[in-house]
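For reference, the structure is listed below as structure tokens.
Residue numbers (the working numbering): -9 to 41.
Here's what the structure looks like:
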């Protein structure tokens, strides 16, 4: 009986660890850390006001 409970407990821990790791990886992926940084170019024209 002890061996069966140990196997079931190990399976529960394994599944919970997989779920936790998947959630962490999902949060990291969707936060943009793993995505390549996109370089944005902004065109700024500065002109002096006429007097």
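Glycine included, C-beta positions come from ideal geometry on N, C-alpha and C.
Contact set for residue i: own chain, Cβ-Cβ below 8 Å, skip 5 residues either direction
i, result
"residue 39", "none"
Per-residue DSSP class, three states only, for residue i
i, result
"residue 22", "coil"
"residue 38", "coil"
"residue -4", "helix"
"residue 14", "helix"
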